[in-house]
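Here's the structure, in structure tokens; my notes come after.
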Amino acid sequence: MGKMIATRDGFGDGIIELAKKDDRVFVIDCDISKSCKTKKFSALFPERHINVGIAEQNAATFAAGLATMGKIPFVSTYAVFGSMRMCEQVRTSICYPHLNVKIACSHGGLTPGNDGVTHQAIEDMGIYRSIPGMTVVMPADYNATMKLVDRAAAYDGPVYLRFTRDPIPVFYGEDEAFEIGKGKLIKEGRDISIIAIGDMLHQALEAADKLEKAGVSVELIDMHTLKPLDTELVEKTLNKTGKVITVEDHNILNGLGSAVADVVAEKGAGVLRKVGLRDRFAESGDYYKLLEKYEMDSAQILKMAAEIL
Numbered sequence: 003m004g005k006m007i008a009t010r011d012g013f014g015d016g017i018i019e020l021a022k023k024d025d026r027v028f029v030i031d032c033d034i035s036k037s038c039k040t041k042k043f044s045a046l047f048p049e050r051h052i053n054v055g056i057a058e059q060n061a062a063t064f065a066a067g068l069a070t071m072g073k074i075p076f077v078s079t080y081a082v083f084g085s086m087r088m089c090e091q092v093r094t095s096i097c098y099p100h101l102n103v104k105i106a107c108s109h110g111g112l113t114p115g116n117d118g119v120t121h122q123a124i125e126d127m128g129i130y131r132s133i134p135g136m137t138v139v140m141p142a143d144y145n146a147t148m149k150l151v152d153r154a155a156a157y158d159g160p161v162y163l164r165f166t167r168d169p170i171p172v173f174y175g176e177d178e179a180f181e182i183g184k185g186k187l188i189k190e191g192r193d194i195s196i197i198a199i200g201d202m203l204h205q206a207l208e209a210a211d212k213l214e215k216a217g218v219s220v221e222l223i224d225m226h227t228l229k230p231l232d233t234e235l236v237e238k239t240l241n242k243t244g245k246v247i248t249v250e251d252h253n254i255l256n257g258l259g260s261a262v263a264d265v266v267a268e269k270g271a272g273v274l275r276k277v278g279l280r281d282r283f284a285e286s287g288d289y290y291k292l293l294e295k296y297e298m299d300s301a302q303i304l305k306m307a308a309e310i311l
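Residue numbers (the numbering used here): 3 to 311.
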């Protein structure tokens with residue numbers, strides 16, 4: 003693994019690169035451009051940066067209006083507000099008419115650890131997974147974010163993009179290719195499958211390395227797109243190992259674990275375990291210490307692997 007960079011920085015840099023080549027790209031900011039890394043965008047493209055203030059519902063409907071004019075608006079805010087405070091507007095004014103709006107949110111999961119429960123988005127991907135027509139994406143590192151922001155702009159329809167506040171390791175190279183709706187097979191294995199999303203890929207990588215040193219053959223997948231889920235890849239790995247652990251920085255209800263569980267249930271075969279926040283609120287604290295306390299780190303992945311192997 004390389005240096006540590008928050009994926010919100012990938013969004014800030016990626017949206018600038020997008021705007022340089024496409025004058026339809028706009029940023030709708032909710033008065034937190036410094037935290038969401040759109041301040042440089044506002045300086046470079048002031049006519050395409052609209053700050054609506056702390057008014058997320060207005061941001062969603064403003065973006066919907068821009069989309070009807072052929073623009074590609076990115077609403078930029080924190081994940082907890084971008085998913086819940088403006089949920090009705092996204093559902094009715096963006097998803098129902100299938101408008102080309104992107105909801106780009108920093109502070110996903112427990113990465114805003116010290117900000118406490120009010121800023122920890124643990125339900126957001128599940129909320130948007132349940133809305134018809136919405137695509138849900140969480141990149142695993144800076145370079146994946148750069149590519150997936152670009153892919154989201156080219157993707158027809160509403161997309162929810164989720165980023166981290168805290169720095170996480172850079173795993174992918176700059177030239178790595180990504181496709182929305184297609185997971186990435188990181189390692190091939192025979193004994194057990196680990197499917198991770200977003201920042202939790204790094205916990206999964208750590209656990210996979212330890213398992214392989216112990217003689218366990220691990221298949222590791224980065225499922226950066228929660229919806230549409232790459233069911234073909236899930237079925238393929240399930241057929242191969244018969245044992246799956248999902249790993250997410252999210253409530254285990256209605257997130258990655260639930261999406262994969264649907265596939266396992268429909269197939270009627272295989273064993274599944276979920277690593278994530280177990281239907282509770284966390285507390286204020288250091289991100290990595292919170293992962294350890296709430297059994298969301300590599301140690302918990304190893305524990306679950308031992309149970310099902």
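Every residue gets a Cβ at the ideal spot worked out from N, C-alpha and C, and that includes glycine.
Three-way DSSP call (helix, strand, coil) for residue i in this model
i, result
"Pro2", "There is no way to answer for residue 2, as the model of the chain reaches only from 3 to 311."
"Ile30", "strand"
"Glu221", "strand"
"Val103", "coil"
"Leu255", "coil"
"Lys276", "strand"
"Met88", "coil"
"Val266", "helix"
"Lys151", "The displayed chain sequence assigns Val, not Lys, to residue 151. In this structure, Val151 counts as helix in the three-state DSSP scheme."
"Ile7", "strand"
"Phe64", "helix"
"Ser286", "coil"
"Ser95", "helix"
"Tyr157", "coil"
"Ile129", "helix"
"Val82", "helix"
"Tyr144", "helix"
"Thr70", "helix"
"Gly118", "coil"
"Glu297", "coil"
"Asp15", "helix"
"Leu311", "coil"
"Ala261", "helix"
"Lys39", "coil"
"Ala271", "coil"
Among the options, nearest to residue i - alpha-carbon criterion
i, options, result
"Ile196", "Ser35, Val273 and Arg87", "Val273"
"Ala62", "Glu294, Asp31, Gln122 and Met6", "Asp31"
"Phe83", "Ile105, Glu294 and His100", "Ile105"
"Ala206", "His100, Ile7 and Val246", "Val246"
"Ala267", "Tyr296, His109 and Thr233", "Thr233"
"Leu187", "Leu235, Asp211, Met140 and Tyr144", "Leu235"
"Gly67", "Thr94, Leu46, His121 and Gly55", "Thr94"
"Gly55", "Lys73, Val29, Asp224 and Lys276", "Val29"
"Ile34", "Val220, Ser44 and Tyr130", "Ser44"
"Ala57", "Asp201, Ala209, Gln91 and Ser37", "Gln91"
"Asp126", "Glu221, Leu228 and Gly16", "Leu228"
"Ile254", "Lys238, Arg282, Glu237 and Pro230", "Arg282"
"Asn53", "Ser78, Leu101 and Lys269", "Ser78"
"Met152", "Val27, Ala308 and Gly217", "Inspection of the sequence shows that residue 152 is occupied by Asp rather than by Met. Measuring from the Cα of Asp152, the nearest candidate turns out to be Val27."
"Val139", "Asn102, Gly200, Ala271 and Arg87", "Gly200"
"Arg87", "Gly115, Lys73, Thr120 and Gly111", "Thr120"
"Glu19", "Thr239, Thr40, Met6 and Lys36", "Thr40"
Cβ-based burial, residue i [other Cβ within 10 Å; buried from 16]
i, result
"Phe165", "buried"
"Asp264", "exposed"
"Thr70", "exposed"
"Ile310", "exposed"
"Ala154", "buried"
"Met202", "buried"
"Met306", "buried"
"Arg243", "According to the sequence provided, residue 243 is Thr. The question's Arg does not apply to it. Label assigned to Thr243: buried."
"Ser132", "exposed"
"Ala308", "exposed"
Below-8 Å beta-carbon distance, residue i vs any chain B residue
i, result
"Leu274", "Structure shown: chain B not included; a single protein chain is present."
Cross-strand partners of residue i (DSSP beta bridge)
i, result
"Gly110", "Ala123"
"Pro75", "Phe28"
"Thr137", "Val161"
"Asn53", "Asp31"
Where in the segment 170-252 do unbroken runs of the beta strand (DSSP E), each at least 3 residues long, occur, reported from the N-terminal end onward?
Listed in chain order, the beta strand (DSSP E) elements of length 3 or more contained wholly in the segment 170-252 are 186-189, 194-198, 220-224 and 227-229.
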